[in-house]
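Numbering (my numbering), first residue to last: 2 to 182.
Here you go:
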C-alpha cells in the first residue's frame, strides 16, 4: 500500500513539474514572438524617421527635392519616396541616401536607398505602414499635392506576432520634418 501511495505522490509531483515546464515554455515562445514584432517595428520606425527628417534638404536650391506620399500609386499613403540633397550637398540627388523609396511587402519593410538601385529588406516583420501628413496649423493633408507643405507626419506601423497570425503589435509615432513646409 505504501508503494502505491508513494507512486501516486511521485506522479502528482512529476505531473505538476511537467505542467509548469510546459507553461513556462509556452509563455517564453509567445513573449519571444511579441519581442520580435516590437523589435521589427522599432527598426522600421527609426529607419523611416531618419529618411523623412532628411527629406527636402536642398542647400543649393535646385528644386529637385520632394516627399512623394504614394510613389507606387496605391491610392493610399502606405509607401513613401523621399528625395533630398545632403550626402554630400552637391546640387544633385544621385548620391546614396538622397532618393529613398520605402514600402512593405510580405511582412517586410523594403527600402531602396538610391535612385535606380535595388530594394533591400530592412525590417521584419512589418505588415502595415500608414502615413498621415499634417500642416503647420495641425490640419490633416489628404491630397498628395499638399504634402510638400507638411510639417509633421504621423507614422503607424503594425507587425504580426506570428507569421500567419492576425494578432498584431502596433506602434505609432510623430515625425517633425526639418526641411520644407
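Here a beta-carbon is modelled for each residue, glycine too, at the ideal position from N, C-alpha and C.
Under the three-state DSSP convention, the category residue i falls into
i, result
"residue 84", "strand"
"residue 152", "coil"
"residue 145", "helix"
"residue 76", "coil"
"residue 1", "The displayed coordinates of the chain run from 2 to 182. Any statement about residue 1 would go beyond what the structure contains."
"residue 38", "helix"
"residue 21", "helix"
"residue 63", "coil"
"residue 179", "coil"
"residue 58", "coil"
Sequence-distant residues of its chain with Cβ nearer than 6 angstroms to residue i (five each side left out)
i, result
"residue 81", "103"
"residue 109", "122 and 125"
"residue 50", "176"
Exposure of residue i, with buried meaning 16 or more beta-carbon neighbours within 10 Å
i, result
"residue 86", "buried"
"residue 139", "exposed"
"residue 70", "buried"
"residue 45", "buried"
"residue 58", "buried"
"residue 100", "buried"
"residue 13", "exposed"
"residue 47", "exposed"
"residue 6", "exposed"
"residue 10", "exposed"
Close-in-space but distant-in-sequence residues of the same chain around residue i (CB under 8 angstroms, 5 per side omitted)
i, result
"residue 167", "161"
"residue 151", "68, 134, 135, 136, 142, 178, 181 and 182"
Beta-bridge partners of residue i, as assigned by DSSP
i, result
"residue 133", "155"
"residue 69", "82"
"residue 169", "161"
Proximal residues to residue i (C-beta, below 7 angstroms), its chain only, five neighbours per side dropped
i, result
"residue 41", "124, 125, 126, 127 and 160"
"residue 35", "162 and 170"
Chain D within 8 angstroms of residue i, Cβ atoms only
i, result
"residue 165", "Here there is only one protein chain, and chain D is not present."
**Asked** Hey, which unbroken runs of the beta strand (DSSP E) at 3 residues or more fall wholly within the region 92 to 139?
**Response** 100 to 106, 109 to 113, 120 to 124 and 129 to 135
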